[in-house]
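Okay, structure first, notes after.
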Amino acid sequence: MTGQIAQSLPPWRAAYGLPGDLNRHGRVCVQIRVLGSVEEPFTESKLDGLDDILAWLDSWHVPRRWPAGPPLPYPHSIAAQGSLRLWALGGHFGSSQVPGSFEGDPGPIDVHRIVGGQADVLDAPSPREVLEHGVPVDR
Numbered sequence: 632m633t634g635q636i637a638q639s640l641p642p643w644r645a646a647y648g649l650p651g652d653l654n655r656h657g658r659v660c661v662q663i664r665v666l667g668s669v670e671e672p673f674t675e676s677k678l679d680g681l682d683d684i685l686a687w688l689d690s691w692h693v694p695r696r697w698p699a700g701p702p703l704p705y706p707h708s709i710a711a712q713g714s715l716r717l718w719a720l721g722g723h724f725g726s727s728q729v730p731g732s733f734e735g736d737p738g739p740i741d742v743h744r745i746v747g748g749q750a751d752v753l754d755a756p757s758p759r760e761v762l763e764h765g766v767p768v769d770r
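If you read the sequence shown in the numbering used here, its first letter stands for residue 632, the second for the next number, and so on.
Spelled out as structure tokens, the structure:
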């Protein structure tokens, strides 16, 4: 609520909490944690300190884009599978959008308030149809 920013590790080490070797794909990979709740998206608040954080990320040439589109709402976000193709584009991602992650964070945040511009809107996935001999079955 105060907008306080703290850096606990240098940016070239901060993403060691990511699964696999995602932090070693040849570009800066920074993890930023926001204290909040998936039920109350932090982008509905004042976002104190965002300009300072974005300026710092700009200095590391992190593109201001959200390739995976807005994160899904919880609990759909837990089942989301991150795309290595989108990850390779670089930019901003929610924890739930990182390939190999089993995190449900950050929930349905407004990515436009963070990176500006437009981002594709992804709907929550529908339940899979149960098929029997190639024909949908009601259950």
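Note that the Cβ used here is the ideal one computed from N, Cα and C, for glycine as well.
Between the CA atoms of isoleucine 740 and proline 704 - distance to the nearest angstrom: 8 Å
Of the residues Pro706, Leu666, Trp697, the one placed nearest aspartate 679, counting alpha carbons only: Leu666
Buried versus exposed, by CB contacts within 10 Å (16 or more), aspartate 754: Because aspartate 754 sits at a pLDDT of 46, beneath the cut-off of 50, its placement in the model cannot be relied upon, and the point is left open.
Considering only C-alpha positions, which residue in the set Gly748, Gly634, Gln635, Ala637 is nearest to proline 698? Gly748
Do the segment 682-693 and the segment 710-719 touch if we need at least three Cβ pairs shorter than 8 Å? no
On a CA-only basis, which of Phe724, Val661, Pro701, Gln728 is nearest isoleucine 709? Give me that one, please. Gln728
Let me check understanding here. Comparing Cα to Cα, which of Ser668, Cys660, Ser676 lies closest to phenylalanine 724? Cys660
Can you tell me where the alpha helix (DSSP H) with leucine 688 in it begins and where it stops? 681-690
Sub-8 Å separation of glycine 731 and arginine 658 beta-carbons: no
Counting along the chain, where does the alpha helix (DSSP H) carrying valine 746 start and finish? 743-746
Does the separation of the CB atoms of glycine 738 and glutamate 670 fall below 8 Å? yes
Specify the secondary structure class of aspartate 751 as computed by DSSP and reduced to three states. Caution is warranted here: a pLDDT of 49 is assigned to aspartate 751, below 50, making its placement in the model unreliable, and the coordinate value is therefore given only provisionally. If DSSP states are grouped into helix, strand and coil, aspartate 751 belongs with coil.
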